[in-house]
Amino acid sequence: MNRLTIKQTQYINRIAEVHEAELERQNTTYKKTKLSVALRIEMIEHGLRYSDDTILMQTEGERLIGFIWARYDKTLKTALIEMLYVETTHRNQGVATKLKKEIEAWARDKGAYTIESTVAYSNKKMQKMNFNMGYDMNKVVMVKNLLVNNEDKHK
């Protein structure tokens with residue numbers, strides 16, 4: 001397990017690519033573009049340089065197999081998990097649990113009273129893992145599609 005540094009641009013770029021691809025996969029209205037990836041890279045770099053963001057990575061050699069990205073809000077004394085991702089070939093091997101436990105230790109060291117994680121409704125495995133690790137469901141986000149038909153998408 002390694003902590004990402006601002007100089008590790010190959011991993012920053014890969015994490016931005018994964019983040020944007022996952023947003024596109026989970027949200028039918030979201031599109032991953034070169035611009036969205038570039039903006040995500042900028043967001044990661046800014047968080048690492050100027051904020052209380054951290055990214056912990058699990059690698060095999062030079063290959064990124066998993067990461068967890070979190071930020072700490074000093075005012076709220078809360079750590080927010082931006083993203084937890086493990087390559088499909090390495091799932092169900094304890095990588096996500098290990099990453100989550102490490103980020104919880106980081107959050108405690110920062111002075112956090114709580115840690116939050118947003119999980120897609122369809123991601124039952126992650127929900128189960130969170131419940132098993134002592135997380136409670138705090139809120140439910142409900143979404144309504146306001147497009148009447150496909151013609152609305154082209155306006």
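Residue numbers for the sequence shown follow the UniProt record's numbering, so the first one is 1 and each next one is one higher.
Just so it is clear, CB atoms sit at the ideal spot from N, CA and C, and this is done for glycine as well.
Since the model is a prediction, treat every value here as computed from it, not as a measurement.
What is the rounded straight-line gap between the Cα of residue i and the Cα of residue j?
i	j	result
I15	E22	10 Å
L56	E42	18 Å
residue 156	N27	The chain is shown from 1 up to 155; residue 156 falls before or after that span and cannot be answered.
H90	K98	12 Å
N130	K101	11 Å
residue 163	Q127	In the structure displayed, the chain extends from 1 to 155; residue 163 sits before or after that span and is not available.
M1	L84	14 Å
M31	E20	The sequence shown places Lys at residue 31, rather than the Met named in the question. The straight-line gap from Cα to Cα measures roughly 8 Å.
L35	E87	24 Å
N38	V141	Contrary to the premise, residue 38 reads as Ala rather than Asn in this sequence. For A38 and V141, the distance between alpha carbons rounds to 28 Å.
I12	R25	20 Å
G111	D52	12 Å
E45	I103	19 Å
K74	E17	28 Å
Y50	T33	25 Å
Please go through the same chain and pick out, in chain order, the residues whose beta-carbon is closer than 8 Å to the beta-carbon of residue i, but skip the five residues on each side of it.
i	result
E116	T78, A79, L80, I81, N138
Using the Cβ count rule (16 or more neighbours within 10 Å means buried), how would you classify residue i?
i	result
I6	exposed
E60	exposed
T54	buried
Q58	buried
L146	exposed
G134	exposed
V95	buried
L48	buried
What is the DSSP secondary structure of residue i, reduced to helix, strand or coil?
i	result
G47	helix
Q58	strand
V18	helix
A79	strand
I6	coil
R25	helix
D109	helix
R40	helix
V86	strand
With a threshold of 9 Å between beta-carbons, can residue i be considered close to chain B, or not?
i	result
A21	In the structure shown, chain B does not exist; there is a single protein chain.
Contact between the segment 60-71 and the segment 102-117 is defined here as three or more beta-carbon pairs at a separation below 8 Å; is this criterion met? yes
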